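Chemist: Those protein sequences? They're chains A and B, same order as listed. Taking our numbering, the leading residue of the first sequence gets 1, the next gets one more, and so forth. Taking our numbering, the leading residue of the second sequence gets 1001, the next gets one more, and so forth. Heads up, the beta-carbon is just placed ideally off N, CA and C, and yes, glycines get one too. Please read these numbers as outputs of a predicted model, since none were measured by experiment. Mind looking over this structure? Questions follow.
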Amino acid sequence: MAATIDTPAEELQDFDRVVQLYRPVVFRFILASLRDHDDAETLTQDCFLRAFRHRHRFRGDAAVKTWLMQIAANLVRDLTRSRRFQFWKRARSSAARVQDLVDLLSSREASPEARTLLQEQLHAVWSASDRLSEKQRAVFVLRFGEDMDLLEIADVLRMKEGTVKKHLFRALHTVREQMRRVS
Amino acid sequence: MTHLSSEQISAWLLGDGTAEAQRHVESCRQCHDDITELRNGLHLFRQSVHRWAEHSESRNLPAPAPSSPISWTLAAATVVAMTLALLPMYLNVRQAQLEAERAQDALLMDQVHIRITQTVPQSMERLMELMSEGKEDRQ
């Protein structure tokens, strides 16, 4: 018997399954955009709460994942524009975060040299993404954090494909410059 | 030799590289290394995002339940059984306390009754007794 494929609107009927299925990708996108675990947790909850409240408005002309990522992108944009976030963002040190990432990615057997190299690379790529504009970062995270294609990113961020490409080129230029500076 | 521009490298990484750029990357060590380094950095970014998110999510997993539902049922049944067993003892003790309180109350009421039925104050009771004794003697 062939399995039936749910339409986006049908998929949304089972909201528990939607949360289970898409929470990781939504959380990752928000975490990579804000670099704060608590903010990412809160905004992920807000994203699914908002989706649940407005599920009747979902027309099904986009994938559920795209719709959820649109909500998440709006929430990230609103928070990063708020004065509270700007203040804490400036006050937050990124050094500890990079060290944590090195610990997560390197094995226990890794030599000190290998850990240092990893730390330099991570510092370069993350500090480069810190320098990106709000739109460039969103595009960068969706493309290189989530492997989304340009059309999907354009749908999520409500941009034209050419605009997405332009932001990506600029983001890649910044990252490349930063990596060259480090190496 | 003219190396690839930043835009050409970006296009290459996004899968939009031209045949000309392809030939250049194959022959130019510098551009090849440049692209490889950038690609590695982007791969590292993706890997770190995923590992960080997984790590954060694992910290948020709900703590395991302290015991199974069967244990909860057993605990509830034990509490009910102990309550039923101890209830008669409690009621007996309480009954005895109530009876003792009632006896004390009755005694107190008797004392009060005696006091309020006296015709003279307590300090004059002895004098009244002597007076009645004297009256009897004269008769």
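1) List, from N- to C-terminal side, the alpha helix (DSSP H) runs of 4 residues or more that fit wholly inside the region 86-170 of chain A.
2) Quick check on B/Lys1135: buried or exposed, where buried means 16 or more other Cβ atoms within 10 Å of its Cβ?
3) Listing by chain order, which chain B residues have their CB less than 7 Å from the CB of A/Met179?
4) When you compare the CB of A/Phe48 with every CB in chain B, is at least one pair closer than 8 Å?
5) Nearest CA to the CA of B/Ser1058: which residue from A/Thr7, A/Glu152, A/Pro24?
6) Given A/Lys65, which residues of its chain have a CB within under 6 Å of its CB, disregarding the five upstream and five downstream residues?
7) Considering only their Cβ atoms, is the gap separating A/Thr80 from A/Glu270 smaller than 8 Å?
8) Counting contacts by CB-CB distance shorter than 8 Å, is A/Leu34 in contact with chain B?
9) Return helix, strand or coil for B/Leu1014, following the three-state DSSP convention.
10) Taking a contact to mean a Cβ-Cβ separation below 8 Å, would you say A/Gln178 touches A/Ala138 in this structure?
11) At 7 Å on the CB atoms, spell out the chain A contacts of B/Leu1013, in chain order.
12) What residue from A/Gln121, A/Val102, A/Arg131, A/Cys47 has the CA that sits closest to A/Val18's CA?
13) What residue range does the alpha helix (DSSP H) around A/Phe58 cover?
14) Exposed or buried, A/Thr44, counting other C-beta atoms within 10 Å across all chains shown (16 or more means buried)?
15) Where A/Phe144 and A/Arg57 are concerned, what is the direct C-alpha to C-alpha distance, given to the nearest angstrom?
16) Locate the alpha helix (DSSP H) running through A/His37, then write down its first and last residues.
17) Just to confirm the assignment, what range does the alpha helix (DSSP H) spanning B/His1056 have?
18) Answer with buried or exposed for A/Ile30, where buried requires no fewer than 16 other C-beta atoms within 10 angstroms of its C-beta.
19) Going straight from the alpha carbon of A/Asp14 to that of A/Phe52, what length do you get?
20) Which residues in the same chain as A/Arg35 place their Cβ atom closer than 7 Å to its Cβ, once the five residues preceding and following it in sequence are excluded?
21) Of all the CB atoms in chain A, is at least one closer than 8 Å to the CB of B/His1055?
22) Within 10 angstroms of its Cβ, does B/Pro1064 collect 16 or more other Cβ (buried), or is it exposed?
23) By the criterion of Cβ-Cβ separation under 7 Å, what are the contact partners of B/Ser1006 in chain A?
24) Are the C-beta atoms of B/Ser1027 and some chain A residue less than 8 Å apart?
25) How would you write the range of the alpha helix (DSSP H) that A/Ser33 sits in, first residue to last?
26) List, in chain order, every chain B residue whose beta-carbon is nearer than 8 Å to that of A/Ala73.
27) Can you tell me whether DSSP reads A/Thr7 as helix, strand or coil?
28) Establish whether the CB of B/Val1079 and some CB of chain A are separated by less than 8 Å.
29) What residue does the alpha helix (DSSP H) around A/Thr80 start on, and which one ends it?
30) Please say whether A/Leu101 and A/Leu68 have beta carbons closer to each other than 8 Å?
31) Pick helix, strand or coil for B/Thr1002, following the three-state DSSP scheme.
Modeler: This is what the structure gives:
1) 95-105, 112-131, 134-140, 150-157
2) To locate residue 1135 of chain B, count along the second sequence from 1; it is residue 135. Exposed.
3) Along the first sequence, read from residue 1 onward, the residue named residue 179 of chain A stands at position 179. The answer, in chain order, is Glu1037, Leu1038, Gly1041.
4) Here residue 48 of chain A refers to the residue found at position 48 when the first sequence is read from its first residue. So no, A/Phe48 is outside the interface.
5) The residue given as residue 1058 of chain B occupies position 58 in the second sequence. Nearest C-alpha to B/Ser1058: A/Pro24.
6) Working through the first sequence from its first residue, we reach residue 65 of chain A at position 65. Cβ neighbours of A/Lys65 beyond the five flanking positions: Tyr22.
7) An answer regarding residue 270 of chain A cannot be provided, because it is not within the stretch 1 to 183 covered by chain A.
8) Indexing the first sequence from 1 puts residue 34 of chain A at position 34. Chain B, which has no Cβ nearer than 8 Å to the Cβ of A/Leu34, makes this no.
9) Position 14 of the second sequence holds residue 1014 of chain B. If DSSP states are grouped into helix, strand and coil, B/Leu1014 belongs with coil.
10) As a working note, residue 178 of chain A is residue 178 in the first sequence. As a working note, residue 138 of chain A is residue 138 in the first sequence. No.
11) Translated into positions along the second sequence, residue 1013 of chain B becomes position 13. Within 7 Å Cβ-Cβ: Leu172.
12) For the purposes of this step, residue 18 of chain A is taken as residue 18 along the first sequence, with counting starting at 1. When only C-alpha atoms are compared, the closest one is A/Cys47.
13) Position 58 of the first sequence, counted from the first residue, corresponds to residue 58 of chain A. Counting along the chain, A/Phe58 falls outside any alpha helix (DSSP H), and DSSP gives it neither H nor E.
14) Within the first sequence, the letter at position 44 stands for residue 44 of chain A. Result: buried.
15) Position 144 of the first sequence, counted from the first residue, corresponds to residue 144 of chain A. Position 57 of the first sequence, counted from the first residue, corresponds to residue 57 of chain A. Roughly 30 Å separates the two Cα atoms.
16) Numbered from 1 along the first sequence, position 37 holds the residue referred to as residue 37 of chain A. From DSSP, the alpha helix (DSSP H) with A/His37 extends over 37-53.
17) By one-based count along the second sequence, residue 1056 of chain B stands at place 56. The question names His, but residue 1056 of chain B in the sequence shown is Ser. B/Ser1056 -> alpha helix (DSSP H) spans 1029-1059.
18) Looking up residue 30 of chain A in the first sequence gives position 30. It is buried - the Cβ of A/Ile30 has at least 16 other Cβ atoms within 10 Å.
19) Here residue 14 of chain A refers to the residue found at position 14 when the first sequence is read from its first residue. Here residue 52 of chain A refers to the residue found at position 52 when the first sequence is read from its first residue. Taking the straight line from one Cα to the other gives about 11 Å.
20) Position 35 of the first sequence holds residue 35 of chain A. Here the set comprises Arg97.
21) Taking the first residue of the second sequence as 1, we reach residue 1055 of chain B at position 55. By this cut-off, B/His1055 is an interface position.
22) Indexing the second sequence from 1 puts residue 1064 of chain B at position 64. Confidence in B/Pro1064 is poor, its pLDDT being 44 and thus under 50, which makes the residue's placement unreliable; the coordinate value appears in the next sentence. Exposed.
23) For the purposes of this step, residue 1006 of chain B is taken as the residue at position 6 of the second sequence. The contacting residues are His173, Arg176.
24) Mapped onto the second sequence, residue 1027 of chain B falls at position 27. False, the Cβ-Cβ gap to chain A never drops below 8 Å.
25) Walking along the first sequence from the start, residue 33 of chain A turns up at place 33. 15-34 is the span of the alpha helix (DSSP H), which, as asked, contains A/Ser33.
26) Counting from one through the first sequence, the residue named residue 73 of chain A turns up at place 73. Per Cβ cutoff of 8 Å: no residues; A/Ala73 is ~16 Å from chain B at best.
27) Residue mapping note: residue 7 of chain A aligns to position 7 of the first sequence, counting from 1. Correct three-state label for A/Thr7: coil.
28) In the second sequence, the residue the question calls residue 1079 of chain B occupies position 79. Output row for B/Val1079: interface = no.
29) One-based indexing of the first sequence puts residue 80 of chain A at position 80. Its alpha helix (DSSP H) spans residues 64-81.
30) In the first sequence, the residue the question calls residue 68 of chain A occupies position 68. In the first sequence, the residue the question calls residue 101 of chain A occupies position 101. Cβ distance not < 8 Å, so A/Leu68 and A/Leu101 don't count as in contact.
31) Looking up residue 1002 of chain B in the second sequence gives position 2. B/Thr1002: coil per DSSP, three-state reduction.
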